[in-house]
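Enquirer: This structure is in structure tokens; I'll ask about it shortly.
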Amino acid sequence: MIQAESNFALSAITNDQTKYNNIAAIDPETLSSVSDILFKPPATNKYNELKERLIAEFSDSASKQIRKLLSELQLGDDKPSHLLRKMRVLASGVSLNDDFLKTLWLQRLPSEMQSILSVSSETLENVAKLAEKIPEVRTDPFLNVSVMDKSKSSNPALRTNPREDLPNPFIREW
């Protein structure tokens, strides 16, 4: 809807019927949920009625947004600032102060970032920018080290006991 509103503004479209016709031309699957308005459009304010119904049909309820904000939203492969942006969108319908949002956001970051960022008194946006710089300056060589059990390796050259695969002449196998 935001994109449609922007296109209407750029094209100086203000006529209700023109806006309604543009929205009514979107994919049939989406329109099936508002077919009653399409078959019997209101006499006035057609576009706003259609817009409000589409928003109501496809937007998450306030309780679902809060549930996502509190438990479902995770950092994953996103940048910390992208996660914060998603959290702000979910929190837009609820009045949350930045301290509470910062606490929720920090909980979803890696623990080493949490310990660095939790002491910052910067604004939440600045803390998010700082969070993105942490991986750039981290040079800890032990962060990406894997431990391998050489005794169980399939590569004979890496085994700690190179003779373990040789037959033992003192053990008779039946």
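For the record, in the sequence shown the residue sitting at position 164 is 249 according to our numbering, with numbers rising by one throughout.
Beta carbons: idealized from backbone N, C-alpha and C, even for Gly.
Being a predicted model, the structure only gives us computed values, none of them experimental.
Return helix, strand or coil for Lys187, following the three-state DSSP convention.
Expert: Looking at Lys187 - three-state DSSP - the assignment turns out to be helix.
Enquirer: Compute the Euclidean distance between the alpha carbons of Arg170 and Ala128, then round it to the nearest angstrom.
Expert: 39 angstroms
Enquirer: How many Å lie between Glu197 and Leu191 at the Cα?
Expert: 11 angstroms
Enquirer: Beta-carbon within less than 8 angstroms of Ile98's beta-carbon, same chain only, minus the 5 sequence neighbours each way: which residues are those?
Expert: Asn92, Lys104, Asn107
Enquirer: Given this structure, state the Cα-to-Cα distance separating Leu186 from Lys125, to the nearest angstrom.
Expert: 44 angstroms
Enquirer: Compare the beta carbon distance of Glu207 and Leu194 with 8 angstroms and say whether it is the shorter of the two.
Expert: At a Cβ-Cβ threshold of 8 angstroms, Glu207 and Leu194 do not count as neighbours.
Enquirer: Using only alpha-carbon positions, find the residue among Leu189, Ile122, Ser118 that is nearest to Leu160.
Expert: Leu189
Enquirer: Please classify Lys131: is it buried, with 16 or more other beta-carbons within 10 angstroms of its beta-carbon, or exposed?
Expert: buried
Enquirer: Just how far apart, CA to CA, sit Lys153 and Ile140?
Expert: Distance between the alpha carbons of Lys153 and Ile140 is about 18 angstroms.
Enquirer: Looking at the structure shown, is Ile122 part of a helix, part of a strand, or coil, going by DSSP?
Expert: helix
Enquirer: How about Glu221 and Ser166: do their beta carbons lie closer than 8 angstroms?
Expert: no
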